[in-house]
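For reference, the structure is listed below as structure tokens.
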Amino acid sequence: MKLLGRVLSVASECVPLMKTGGLADVVGALPAALALQGWEMRVLMPAYRALRPRLAGWKEVWREEGLWGGEGVVYAGEVAGIQMLLLDAPHLYDRDGGPYGGVSGDWSDNAQRFAALSWVAARIAREGLSDGWSPDILHVHDWQAGFAPAYLAFGGSGGVGSVMTIHNIAFQGWAPASMLGELRLPVDEFHPAVLEYYGGLSSLKAGLVTADRVTTVSPTYAAELMRPDFGMGMQGVIAERAAVVSGILNGVDTGVWDPSSETVPYSTASMKGKAANRAALCDEFGLQVPGPLAIVVSRLTDQKGIDLMAAVIPDFIDAGGGLVVLGSGDPALENAMRGLAARYPGRVGLRIGYDESLSHRLFAGGDAVLVPSRFEPCGLTQMYGLRYGTLPVVAAVGGLADTVIHANPAAISAGVATGITFHPTDAVAFGTALRQLVALYGDKAVWARVQKNAMKQDVGWAASAAAYAGLYAELKG
Ligand code: ADP
Ligand code: GLC
1231 MKLLGRVLSV ASECVPLMKT GGLADVVGAL PAALALQGWE MRVLMPAYRA LRPRLAGWKE
1291 VWREEGLWGG EGVVYAGEVA GIQMLLLDAP HLYDRDGGPY GGVSGDWSDN AQRFAALSWV
1351 AARIAREGLS DGWSPDILHV HDWQAGFAPA YLAFGGSGGV GSVMTIHNIA FQGWAPASML
1411 GELRLPVDEF HPAVLEYYGG LSSLKAGLVT ADRVTTVSPT YAAELMRPDF GMGMQGVIAE
1471 RAAVVSGILN GVDTGVWDPS SETVPYSTAS MKGKAANRAA LCDEFGLQVP GPLAIVVSRL
1531 TDQKGIDLMA AVIPDFIDAG GGLVVLGSGD PALENAMRGL AARYPGRVGL RIGYDESLSH
1591 RLFAGGDAVL VPSRFEPCGL TQMYGLRYGT LPVVAAVGGL ADTVIHANPA AISAGVATGI
1651 TFHPTDAVAF GTALRQLVAL YGDKAVWARV QKNAMKQDVG WAASAAAYAG LYAELKG
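Per my numbering, residue 1231 is the first one in the sequence shown, and the count goes up by one each step.
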């Protein structure tokens, strides 16, 4: 394959090194997907405490004095086939806790921590690494890297094109205006058309106004973001840039998410294995479920609509359904899930926590995956559901609306139905969707047909990677 160009990807998470959500899956999947399109991608992210032991033997490729209170060194190495660049700046990243905070909440210097990542990214984009590698394109993800296109633009881009991808508009990287100088931003750009955001600063906005192209992770979310009900204050900023905004749907790693490599393998040609996985899952959680066995694998947050479960699950259980929830997050929602599990032993299983291998058993053994999100930039679990014939029951927003086709009679007879969608995201519509699920599950022939349609969907990366490659090519000229 001919090398078309080089891309520096910048993010705060990347599978398999650090993950709190789908952002990490996407950042970790893009390099291999883009390589197949002729683009060589390296991923820059902070060397958090847990990652520092890996740096031994890695090659130093960048050194920067005065990085908000200390020195930063970038090391290059390979992890799971990904060319990683880890920014080691112990005064910023060598801490106990997660990437954004510790036991007592978010780190108070997050603005500086991620400005540092962005600063180094912009300089590398402009000057290249000491091993001779230099990118044609700077591709940044979410607020943590938002200042990078801004630093690049303000300091002179040197012909390097920039792309900013929004994975979630809810996180905007807010900082007070008084930090303008400390964050190395030009005072004369502090006005509403560029840096000023409701009187302060937002690294997300800074990226959105300065990047050459703006993408988000589904076409529907790209349109939703320009509306006040989804834009979360950023709608005007995005609408202003409409000419360069596009939605590129995420894919999933079809090598990792593959029903033919689960405990009991299955495929569209032979679905027997799915029943065995279901039985094993019911055993694991002590369940006996005559109707559809639904699963949830999710952060337990308001975004995901988890608060609606308490209202709709009782009727679903009465109708024969069962549920296994795997997730963690908001303590009130964790408690609500504990309440359901306590009320319906034998019908509701619960695991509070994060467990990759259990999530595979859930997709392999479940009949349906519930994703009742209030907003969903793309969503990955409904795509795992499609691939596993674990039919998605989703709110028709964002990427969920773009990936699931509702099983109404016309779609069923046309052979295109892949799941159940509902709108709006409330308990009434969600309850109706669960009654449809019970009815659909009751008609074995139709259920099997919809499962097959779902499993035939292309949820891989090829089409999306080609779309990113197209953007890069436009910018490289
Ligand atoms: P978001 O990024 O908004 O959380 P996505 O659907 O894009 O939503 O990605 C979530 C990712 O995290 C998926 O890969 C999902 O399987 C995984 N995940 C979420 N919660 C858990 C959990 N408790 N255990 C295992 N995997 C989880
Ligand atoms: C965000 C979104 C999710 C999306 C993921 C990866 O976390 O909430 O919908 O799939 O990013 O792009």
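Even for Gly, the Cβ is constructed at its ideal location relative to N, Cα and C.
- Here S1500 is exposed: its Cβ has fewer than 16 other Cβ atoms, across all protein chains shown, within 10 Å.
- The three-state secondary structure of A1598, taken from DSSP, is strand.
- If you compare the alpha carbons of S1587, I1478, L1701 with that of G1628, the shortest gap goes to I1478.
- For V1646, same chain residues with a beta-carbon under 7 Å away, outside a window of 5 residues either side, are I1635, N1683 in chain order.
- Within 7 Å of the C-beta of R1568 there is not a single heavy atom belonging to the ligand ADP.
- Every residue with a CB closer than 7 Å to a heavy atom of the ligand GLC is listed here in chain order: G1251, G1252, L1253, D1255, V1256, H1397, N1398, V1447, N1480, Q1533, E1606, P1607, C1608, G1609, L1610, G1628, G1629.
- Q1681: member of the alpha helix (DSSP H) spanning 1674 to 1686, first to last residue.
- Across the structure, P1489 and D1442 are spaced so that their CA atoms are roughly 40 Å apart.
- Annotation for E1586 indicates a beta carbon within 7 Å of some heavy atom of the ligand ADP.
- In terms of side-chain proximity, the C-beta atom of V1624 is found no nearer than 7 Å to any non-hydrogen atom of the ligand ADP.
- Not one heavy atom of the ligand ADP falls within 7 Å of the beta-carbon of V1599.
- Apart from the 5 residues on each side of it in sequence, D1366 sits with its Cβ closer than 6 Å to the Cβ of G1235, R1236, K1706 in its chain, given in chain order.
- By alpha-carbon distance to L1285, the top candidate from L1316, V1256, M1271 is L1316.
- Taking C-alpha positions only, G1700 is separated from L1253 by approximately 21 Å.
- The residue among V1303, G1481, A1678, L1580 with its C-alpha nearest the C-alpha of L1563 is L1580.
- G1307: member of the beta strand (DSSP E) spanning 1302 to 1309, first to last residue.
- Per DSSP, the unbroken alpha helix (DSSP H) holding M1567 starts and ends at 1561 to 1573.
- Of the heavy atoms belonging to the ligand ADP, none sits nearer than 7 Å to the Cβ of G1386.
- Membership of K1435 in any beta strand (DSSP E) is not indicated; the residue belongs instead to the alpha helix (DSSP H) covering 1433 to 1440.
- In this structure, the beta-carbon distance from F1420 to E1412 does not fall below 8 Å.
- C-alpha of S1476 to C-alpha of M1456: approximately 12 Å in a straight line.
- In the same chain as G1385, and ignoring 5 residues on each side of it, the C-beta atoms closer than 7 Å to its own belong to A1352, R1356, in chain order.
- Around the beta carbon of R1591, 16 or more other beta carbons lie within 10 angstroms, which makes this residue buried.
- By the Cβ-count criterion, P1379 is buried, with 16 or more other Cβ atoms from all chains shown falling within 10 Å of its own Cβ.
- Per the DSSP secondary-structure output, F1652 pairs in a beta bridge with A1625.
- Beta-bridge partners of P1276 (DSSP): L1317.
- Residue ranges of uninterrupted beta strand (DSSP E) with 3 or more members, entirely inside the stretch 1373 to 1418 and ordered along the chain, are 1391 to 1396.
- With fewer than 16 other beta carbons inside 10 angstroms of its own, A1472 counts as exposed.
- Rounded to the nearest angstrom, the Cβ distance from L1664 to F1515 is 19 Å, too far for a contact under 8 Å.
- Shortest gap from the CB of V1370 to any heavy atom of the ligand ADP: 7 Å or more.
- Secondary structure at D1336: strand, using DSSP grouped into helix, strand and coil.
- Boundaries for S1360: no beta strand (DSSP E) harbours it, and the DSSP string shows neither H nor E there.
- The count of Cβ pairs closer than 8 Å, one atom from the stretch 1435 to 1450 and one from the stretch 1383 to 1399, reaches three, so the stretches are in contact.
- Looking only at G1376, K1232, A1659, D1483, the smallest Cα-Cα distance to I1543 is reached by A1659.
- Between S1364 and W1292, the C-beta spacing is not below 8 Å.
- Apart from the 5 residues on each side of it in sequence, M1248 sits with its Cβ closer than 8 Å to the Cβ of S1242, A1254, M1275, Y1278, A1280, L1281, P1329 in its chain, given in chain order.
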